[in-house]
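Positions 7 to 392 (the working numbering) are the ones given, in order, by the sequence shown. Positions of the beta carbon are idealized from the N, C-alpha and C atoms, including for glycine. This one's a predicted model, so the numbers in the text were calculated from it and none came from an experiment. Structure first, commentary second.
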Amino acid sequence: MFCFTNHTFCAASAFAWLSWLLLTGFGAGLCANEPCATVDTWPCFRGCLDGSGTSAVLLPDNPQLVWKKQFGKTAFEATPVIAGGIIYIGDLDGTFHAMQLKSGELLWEVKNQAGWSAAAAVTEKVVIAGDMDGVIHAFDRIDGSLIWSHHVGGEVSGGPSILGTRVLIGAQDATLSCLSITDGKVQWTHSIGDQIRCTPTVAGGKVFLAGCDGKLHVIDVEHGKAIGQVSIDGPTGTTPATAEGRAFFGSEGGAFWAIDYEKLEVAWKVVPAVGGQAYRSSAAVAEGIVVVGSRARAVEAFATFDGSRRWRFATRGRVDSSPVIVGSRVFVGDTAGKIFALDVSSGKLSWEFDAGVGFSSSPAVAAGCLVMASEDGTIWCFSDNN
């Protein structure tokens, strides 16, 4: 390990480094086409630009804890991203970490004045991450050296989305920025009526933002021009999941929405009971079912067609973590310290792990591993223990 001031780097093999250098240009990001979460990657917050929160990876029936790594007196809210056998994540105290997926060995870390509450996004060459001071950083994926930085007008609470050579990222100044992945220069900006706390969702040439102004915004990805908007019951910071021509997300008011983004109208909504709790979990969607966590201490599933309830699984803690669908199961954590695997069709519990500390971060899955980051500053990795 070679140590530098505010920056620690563990050298990769010469062969891997040479192979990386031979890649031409920045190229299209691993998150550039849907579906994009391959069996070996989880390159952005919801795994794919369309926000679907699904993966083709195979996980064992009973995942075993293969390692955990605690990073002192800090905490994680950000969701890990994974590429090339490396986990990338920032903590709330300002350190951005890169570590081996299979062992937890620290490869490099960058010290920053501001913390990181949002997931990063990663391509073949670069890691993009926004901090709580509103600075967007582009790090070399292999050694963590800074390639460029760009200051936006507010705190970054949602992760970036990488579409080819462009980076889309929102901030609490209510502005969505499109930056060049090469040098961070602004390509276009688009402002809405209040804070942007979600990760931009991209599908069919459109960008979707569920805003704190109580609207779903549909924006042209090429030029940043408004296509339309649909009003909901109040603010939201959750990332829309798209499928079947609809955007699915919950709100602070406790309603869960399906918006037809072609017709720009509400397809259906599930209205909470009196005293309903907010949704801060972003949904996952696959094969006619949308699954979401609730602050009402539950994981819920609705039919994508009409919003009819498919099942509800009660939890001990709030579920701010965003579920991930892997095959026939959905994985998610709660604030009471449990990680669950539930059958997507029925909601039946198939596996659980009690970490003893809460999760507001969401799962990342790749290369046969399930990775979670907890509120006490620990990274947890589950696999088949072989």
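{"Item": "Selection from G313, A292, S287 and I295 that minimises the alpha carbon distance to V338", "Value": "S287"}
{"Item": "Enclosing beta strand (DSSP E) for Q178 [first to last residue]", "Value": "Counting along the chain, Q178 falls outside any beta strand (DSSP E), and DSSP gives it neither H nor E."}
{"Item": "Residues near N68 in its chain [Cβ-Cβ closer than 8 Å; skip 5 each side]", "Value": "W357"}
{"Item": "Terminal residues of the beta strand (DSSP E) in which M105 lies", "Value": "T101 to Q106"}
{"Item": "Outcome for D360 when other beta-carbon atoms lying within 10 angstroms are tallied against a minimum of 16", "Value": "exposed"}
{"Item": "Nearest-angstrom Cα separation, counted from G353 out to A373", "Value": "25 Å"}
{"Item": "Residue span of the beta strand (DSSP E) that contains H229, given as start and end", "Value": "No beta strand (DSSP E) contains H229, which DSSP labels as neither H nor E."}
{"Item": "Boundaries (first-last residue) of the beta strand (DSSP E) holding R303", "Value": "Here R303 belongs to no beta strand (DSSP E), and DSSP marks it neither H nor E."}
{"Item": "C-alpha gap between P278 and G260, whole angstroms", "Value": "6 Å"}
{"Item": "DSSP three-state assignment for R286, whether helix, strand or coil", "Value": "coil"}
{"Item": "Own chain partners of G362 with C-beta closer than 7 Å, once the 5 adjacent residues on each side are dropped", "Value": "G343"}
{"Item": "Opening and closing residue of the beta strand (DSSP E) in which A124 lies", "Value": "It is not in any beta strand (DSSP E) - A124 carries neither H nor E in the DSSP assignment."}
{"Item": "Assumed close pair W122, A84 - CB separation to whole angstroms, cut-off 8 Å", "Value": "5 Å"}
{"Item": "The beta strand (DSSP E) enclosing V72, as first and last residue numbers", "Value": "Q70 to Q76"}
{"Item": "Inside the region 355 to 390 only - beta strand (DSSP E) runs reaching at least 3 residues", "Value": "355 to 360, 370 to 372, 375 to 379 and 384 to 389"}
{"Item": "Own chain partners of G3 with C-beta closer than 6 Å, once the 5 adjacent residues on each side are dropped", "Value": "Beyond the ends of the chain as shown, which are 7 and 392, falls residue 3; an answer cannot be given."}
{"Item": "Inter-residue Cα distance where the pair is G211 and G57", "Value": "14 Å"}
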